[in-house]
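Trainee: First residue of the sequence shown? That's 1 in the UniProt record's numbering, and the numbers climb one at a time after it. Using N, Cα and C, we set each Cβ at its ideal position, and we do this for glycine too. Quick one: this structure, given as structure tokens, is what I'll be asking you about.
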Amino acid sequence: MDTSGHRRDGGAAVTVDIDRSDLEYRAWLKEAVRKVHADANRSADTHLLRFPLPEQWGIDLYLKDESTHPTGSLKHRLARSLFLYGLCNGWIRKGKPVIEASSGSTAVSEAYFARLIGVPFVAVMPRTTSPEKCRLIEFHGGQCHFVDDSRMLYEESARLAAETGGHYMDQFTYAERATDWRGNNNIAESIYQQLRLERYPEPAWIVATAGTGGTSATIARYVHYMQYDTRICVPDPENSCFFDGWTNDNPLATSDCGSRIEGIGRPRMEPSFLPGAIDRMMKVPDAASVAAVRALERAIGRKAGGSTGTGLWSALKLVAEMVEQGSTGSIVTLICDPGDRYLDKYYSDSWLTAQGLDIAPYTGTIDSFLATGSWRA
Ligand SMILES: *Cc1c(COP(=O)(O)O)cnc(C)c1O
Numbered sequence: 001m002d003t004s005g006h007r008r009d010g011g012a013a014v015t016v017d018i019d020r021s022d023l024e025y026r027a028w029l030k031e032a033v034r035k036v037h038a039d040a041n042r043s044a045d046t047h048l049l050r051f052p053l054p055e056q057w058g059i060d061l062y063l064k065d066e067s068t069h070p071t072g073s074l075k076h077r078l079a080r081s082l083f084l085y086g087l088c089n090g091w092i093r094k095g096k097p098v099i100e101a102s103s104g105s106t107a108v109s110e111a112y113f114a115r116l117i118g119v120p121f122v123a124v125m126p127r128t129t130s131p132e133k134c135r136l137i138e139f140h141g142g143q144c145h146f147v148d149d150s151r152m153l154y155e156e157s158a159r160l161a162a163e164t165g166g167h168y169m170d171q172f173t174y175a176e177r178a179t180d181w182r183g184n185n186n187i188a189e190s191i192y193q194q195l196r197l198e199r200y201p202e203p204a205w206i207v208a209t210a211g212t213g214g215t216s217a218t219i220a221r222y223v224h225y226m227q228y229d230t231r232i233c234v235p236d237p238e239n240s241c242f243f244d245g246w247t248n249d250n251p252l253a254t255s256d257c258g259s260r261i262e263g264i265g266r267p268r269m270e271p272s273f274l275p276g277a278i279d280r281m282m283k284v285p286d287a288a289s290v291a292a293v294r295a296l297e298r299a300i301g302r303k304a305g306g307s308t309g310t311g312l313w314s315a316l317k318l319v320a321e322m323v324e325q326g327s328t329g330s331i332v333t334l335i336c337d338p339g340d341r342y343l344d345k346y347y348s349d350s351w352l353t354a355q356g357l358d359i360a361p362y363t364g365t366i367d368s369f370l371a372t373g374s375w376r377a
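Right under this line is the structure:
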């Protein structure tokens, strides 16, 4: 023993060295990452469609059609990013299940990617989830695991992951960080590329609704990073706390019942929702969202989900503001998923009646606005 307190073994320092190299795992990882890249490489970009407006207004409204991804929604991008993030972090392992708390589009897209790389997938969802959603998850090889109390979704997912040695994907936490916000053909970069030959290539507004909040976070960050003047508007449906939390700067905001507009509106301020990056929010009545998504079909002959209507209602309101101010420019919003998933919901008059929703006044607002240029609420 020397006086400094260090142990000496014959004068040589002891090196502690643990090598956990697993070359079989690394070969599997390489192959899994290649398969996800190859899937992206086989896929085409989604279209930027035009919503027809009177020529003399000098305003162009575009819809980024995310319903044309292989799994039918903008969650295809998220699922791809979450799988790459989980693989590259060493979180997703050969033969171990991927688990997600989702009753919707995310589980459908993740089931697709899980099958692509050959791992089991389990969606933890409320027992009340529509059979059509379960059918789609099972179609892509996933398994549905039900809970009776939807507040237990997160806990039950974490428990299943611990029990099976699997990975709980946790979209609401990781959506914002799994996506490359500086570019790499994310949704924002793609929109700007597609606008390059338009008369107003830098939109005045981009409108994006929020579920995880990841899409609006990615678009806002990209716009700020690229030093564009575009502003970001997030419309929020009824029974969601995002508007309240953003307005009152309250990260603990909550709402006590679930959103009727599938895919958007949350009862808690999700970690992936970045309020500070958002310029403007609007609270949109659910009946207005339905009126707008039906107006979309009359305008471009395409059915979409309710959240597309929420975004379109907001975008039309922004167009009205520009018309009133006499300014010209462009606005972009999204088609988030296709309408055929919701025929007995947003496209069913008996569902509207059962929900006590009257869309007639909102339909009137949209139709008269498109005919006259003035917005009467
Ligand atoms: C998830 C989702 C959104 C919102 O996207 P986020 O990036 O999660 O905020 C909008 N519409 C639909 C149909 C969705 O599934």
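Rounded to whole angstroms, what's the CA-CA distance from ILE278 to THR218? Just pull it up for me.
Mentor: On the sequence shown, position 278 is the one that residue 278 refers to. On the sequence shown, position 218 is the one that residue 218 refers to. So the two alpha carbons sit approximately 11 Å from each other.
Trainee: Output the distance between the C-alpha atoms of PRO52 and ARG199, rounded to the nearest integer angstrom.
Mentor: Counted from its first residue, the sequence shown places residue 52 at position 52. Counted from its first residue, the sequence shown places residue 199 at position 199. Cα-Cα distance, rounded: 15 Å.
Trainee: Across the stretch 105–119 and the stretch 146–153, are there enough close Cβ pairs to call them in contact, namely three or more that are closer than 8 Å?
Mentor: Short answer: they don't touch.
Trainee: Roughly how far, in whole angstroms, is the beta-carbon of PRO97 from the beta-carbon of THR46, given that I think they are within contact range, below 8 Å?
Mentor: Taking the first residue of the sequence shown as position 1, residue 97 is located at position 97. Taking the first residue of the sequence shown as position 1, residue 46 is located at position 46. Not a contact, Cβ separation roughly 30 Å.
Trainee: Between which residues of its own chain and ALA320 is the CB-CB distance below 7 Å, once the five residues before and five after are set aside?
Mentor: The residue given as residue 320 occupies position 320 in the sequence shown. Closer than 7 Å at Cβ, skipping near neighbours: PHE369 and TRP375.
Trainee: With a 10 Å radius around its C-beta and 16 neighbouring C-beta atoms as the bar for buried, classify ILE359 as buried or exposed.
Mentor: Position 359 of the sequence shown holds residue 359. Per the 10 Å Cβ criterion, buried.
Trainee: I need the DSSP call for MET152, collapsed to helix, strand or coil.
Mentor: Here residue 152 corresponds to residue number 152 of the sequence shown, with the count starting at 1. The answer is helix: DSSP assigns MET152 an H, G or I state.
Trainee: Any heavy atom of ligand 1 inside 8 Å of the beta-carbon of ALA208?
Mentor: Taking the sequence shown and counting its residues from 1, the one referred to as residue 208 is at position 208. Yes, the Cβ of ALA208 comes within 8 Å of a heavy atom of ligand 1.
Trainee: One question on the structure: do SER240 and GLY263 come within less than 9 Å of each other, judged by their Cβ atoms?
Mentor: The residue you call residue 240 lines up with position 240 of the sequence shown. The residue you call residue 263 lines up with position 263 of the sequence shown. In this structure, GLY263 does not lie closer than 9 Å to SER240 by Cβ.
Trainee: Does any heavy atom of ligand 1 sit closer than 8 Å to the C-beta of residue 386?
Mentor: Within the shown structure, residues of the chain are numbered from 1 to 377, placing residue 386 beyond reach of any answer.
Trainee: Would you check if the distance between the CB atom of THR129 and the CB atom of PHE172 is smaller than 9 Å?
Mentor: Stepping through the sequence shown from its first residue, residue 129 is reached at position 129. Stepping through the sequence shown from its first residue, residue 172 is reached at position 172. Not closer than 9 Å, so no.
Trainee: Who are the Cβ neighbours of ALA107 in its own chain at under 6 Å, not counting the five residues just before and after it?
Mentor: As a working mapping, residue 107 is identified with position 107 in the sequence shown. So the qualifying residues of the chain are GLU100, ALA123 and ILE137.
Trainee: Near MET282, what residues of its chain come up, given a Cβ to Cβ distance below 6 Å and the 5 sequence neighbours on each side ignored?
Mentor: In the sequence shown, residue 282 corresponds to position 282, counting from 1. Only PRO235 and SER314 meet the Cβ criterion.
Trainee: Across the stretch 249–257 and the stretch 285–302, are there enough close Cβ pairs to call them in contact, namely three or more that are closer than 8 Å?
Mentor: Output reads no: the stretch 285–302 does not touch the stretch 249–257.
Trainee: Flag LYS75 as yes when its Cβ comes closer than 8 Å to any non-hydrogen atom of ligand 1, and as no otherwise.
Mentor: Locating residue 75 in the sequence shown gives position 75, where the first residue counts as 1. Checking the Cβ of LYS75 against ligand 1 gives yes.
Trainee: CB of LEU78 to nearest heavy atom of ligand 1: below 8 Å?
Mentor: Walking along the sequence shown from the start, residue 78 turns up at place 78. Checking every heavy atom of ligand 1 against the Cβ of LEU78, one is found closer than 8 Å.
Trainee: With a threshold of 7 Å on Cβ separation, who are the neighbours of ARG341 within its own chain once the five nearest residues in sequence on each side are excluded?
Mentor: Position 341 of the sequence shown, counting from 1, holds the residue named residue 341. Once the five neighbours on either side are set aside, the close Cβ partners of ARG341 are GLU132 and GLY305.
Trainee: Under DSSP, the alpha helix (DSSP H) around LYS35 begins and ends at which residues?
Mentor: Here residue 35 is taken as the residue at index 35 of the sequence shown, counted from 1. Start and end: 23–42.
Trainee: Since THR365 contacts ALA354 with CB under 8 Å, what's their CB separation in whole angstroms?
Mentor: Counted from its first residue, the sequence shown places residue 365 at position 365. Counted from its first residue, the sequence shown places residue 354 at position 354. Not a contact, Cβ separation roughly 23 Å.
Trainee: For the putative contact between ALA158 and LEU78, defined by C-beta atoms under 8 Å, what is the C-beta separation to the nearest angstrom?
Mentor: Numbered from 1 along the sequence shown, position 158 holds the residue referred to as residue 158. Numbered from 1 along the sequence shown, position 78 holds the residue referred to as residue 78. ALA158 to LEU78, Cβ: 20 Å. No contact.
Trainee: Any heavy atom of ligand 1 closer than 8 Å to the CB of SER255?
Mentor: For this step, residue 255 is matched to residue 255 along the sequence shown. Flag unset: Cβ of SER255 not near ligand 1.
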